[in-house]
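Here is the structure we will look at, set down as structure tokens.
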Amino acid sequence: MNAASNNKFVIKGKMKMKKSILLLIILLSILINCKSQILSESQSVIHDIDSIRKVFHIPGLTFGVANCDSTIIVGGLGIRVINTFDFVTINDYFHIASLGKGVTSFIIGKLVDEGQISWDTQFFDLFPEMKAKSRGEYHDLKLMDLLSMRTKLRSLNDWSVKQIIDGYNEEYKEDRFSYYNFAAYALTLEPVKYDSGQFYNYTSMGYVLANLMIQKASGMNYSQLLEKTNKDLGVNFVIGWPQVIDENQPSGHLIPSQSGWGESDKLEVLNGERFTDWGEDFLFYNIPSGHHSISVVDYLKYLQLNLNGLNGQSNYLEATSYDFIFNGAKEYSMGWGNEVVNGNHYYSHSGSAGNFLARAIIIKEQKIVILIMLNAGNGETIGGMHQIIKYLEKKYAT
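The sequence shown runs 1 to 398 under this note's numbering.
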């Protein structure tokens, strides 16, 4: 082969290399441009949500949207405590209050799958010794009735609970914090009366009884069951306020005059130390139904399991258990509200002890979950939360 031929091969080789490099540059440019557009879109969403946060004077919040496979967007905005520059991050813990009902139902779903208990297990089959002193209206209570609010049990969710707690503490002076005795006492109280057309009665009291049932069936207390679930899922639901993790976690806030905590009409810090006297009892008995904290990242992971389960995938729970948890009762099922909105099965729940606020949404057919958690629970904050959810639904679920 002569020199001229060698030169031709060298030239052709250089041309191919230049074309390859050019193609690589073009592909990289496209990828970078796409990534920039995605980043820009996420930044735009975060900016819009932060604008809503400021209008409604929400100190701090975390939010997230996910589909079956991945997290679409997650963000932390604002401050952990008013009048500071201590900024919220996506790893911060927020109190979720009554969203804990869904968590407890999820734990029970696992026990059902394992054959340790059934949704239709009757309370007095496990605690026959309580039946004689209990009112007849409560004699047929099943586990699923307790979780779906199909009972006439008294409220554990408003200021009237103080009378119940005070009455119990007067009768059981030496046993102030006892799920067993408190349940026995609750079963002696006059049942609530349903209005015409009413078919469920929202009260966390049912979860006090349900907690006793799963402890009896599993041989584990609630804290142990929750810890097992955390370990199995790789998440961290904690019992109590965010400060259980450390003192620098987000504080709760409220306006006392709006919540019965005082006369001030200004936003104030309110953490666990303000829940004194009967407030301690209130939080204790609400542990199975509404005294948990978690980060947005971990809660989204938990919501994704539920979303996939609702779409027929057995994972931690059997698909049939997910279906029962969310659809086992009309309008309010096992710790989740359910309805059909624009042809989509729409599952949701809100939670607040007054000082934090959270809402989770699962839209089955759209295969989307939406979560928002805020460190204030006053009226204006509630309005802001709904505005943010409306924005996220329009952006990701239409």
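Where a beta carbon is used, it is the ideal one built from N, C-alpha and C, also for glycine.
Predicted, not measured: the structure shown is a model, and the values here were computed from it.
With 16 other Cβ atoms within 10 Å as the buried cut-off, status of residue i
i: T84; result: exposed
i: Q304; result: buried
i: K101; result: buried
i: D277; result: exposed
i: F87; result: exposed
i: F324; result: buried
i: S295; result: buried
i: N306; result: buried
i: A132; result: exposed
i: Y222; result: buried
i: V208; result: buried
i: D69; result: exposed
Simplified DSSP state of residue i, which is helix, strand or coil
i: A353; result: coil
i: L187; result: coil
i: M220; result: coil
i: M385; result: helix
i: Y332; result: strand
i: T71; result: strand
i: E268; result: strand
i: F9; result: Model confidence at F9 stands at a pLDDT of 47, short of 50, so the residue's coordinates are unreliable; what they give is reported in the following sentence. Note: F9 maps to helix in three-state DSSP.
i: A66; result: strand
i: H139; result: coil
i: A4; result: Because the pLDDT of A4 is 49, which lies under 50, any placement of that residue in the model is unreliable, and the number read from its coordinates should be weighed accordingly. Helix.
i: A210; result: helix
i: L392; result: helix
i: A376; result: coil
i: R154; result: coil
i: V88; result: coil
i: Q122; result: strand
i: Y194; result: coil
i: W238; result: For the sequence presented, residue 238 should be read as Val rather than Trp. It is a strand residue.
i: E247; result: coil
i: G252; result: coil
Short CB-CB distance (under 7 Å) between residue i and chain B
i: E247; result: The structure shown contains no chain B; it is built from a single protein chain.
Nearest-angstrom Cα separation, counted from residue j out to residue i
i: H345; j: L141; result: 28 Å
i: S264; j: H386; result: 25 Å
i: L153; j: Q258; result: 27 Å
i: A186; j: V65; result: 40 Å
i: Y172; j: K193; result: 27 Å
i: F56; j: K266; result: 14 Å
i: K395; j: Q122; result: 44 Å
i: E227; j: I362; result: 24 Å
i: L212; j: I73; result: 39 Å
i: L233; j: D298; result: 9 Å
i: Q313; j: T229; result: 19 Å
i: S204; j: G335; result: 10 Å
i: I214; j: Y347; result: 25 Å
i: N315; j: I90; result: 26 Å
i: F326; j: D158; result: 25 Å
i: G78; j: S350; result: 21 Å
i: S289; j: W241; result: 14 Å
i: L310; j: E339; result: 14 Å
i: M220; j: E137; result: 29 Å
i: K54; j: P256; result: 20 Å
i: F375; j: S40; result: The question names Phe, but residue 375 is Asn in the sequence shown. The straight-line gap from Cα to Cα measures roughly 27 Å.
i: K162; j: T398; result: 44 Å
8 Å contact criterion, which residue i and residue j should meet: CB distance rounded
i: R135; j: P191; result: 6 Å
i: A329; j: S148; result: 4 Å
i: T104; j: L300; result: No, T104 and L300 are not in contact; Cβ-Cβ is about 19 Å, not under 8 Å.
i: L371; j: F63; result: 6 Å
i: L254; j: E268; result: 7 Å
i: I287; j: Y93; result: Not confirmed; about 16 Å, so no contact.
i: S293; j: V238; result: 5 Å
Residue i CB to nearest heavy atom of the ligand NAP below 6 Å
i: I164; result: As far as ligands go, the structure on display features none, and thus does not contain the ligand NAP.
Is there contact between the region 127–147 and the region 241–251, where contact requires at least three CB pairs shorter than 8 Å? Taking a cut-off of 8 Å on C-beta distances, the region 127–147 does not touch the region 241–251, as fewer than three cross pairs fall below it.
Contact the region 187–201 vs the region 98–109: 3+ CB pairs below 8 Å: Using a Cβ-Cβ distance cut-off of 8 Å, the region 187–201 and the region 98–109 are not in contact, since fewer than three pairs of beta carbons, one from each stretch, lie closer than that value.
Does the contact criterion of 3 or more C-beta pairs under 8 Å hold for the region 357–375 versus the region 92–99? Because the criterion of three Cβ pairs below 8 Å is met, the region 357–375 and the region 92–99 touch.
Do three or more CB pairs link the region 44–63 to the region 390–398 at distances below 8 Å? In short, these stretches touch, since the Cβ pair count reaches three.
State whether the region 152–170 contacts the region 278–293, with contact taken as three or more CB pairs (one from each stretch) at a distance under 8 Å. Segments in contact, yes.
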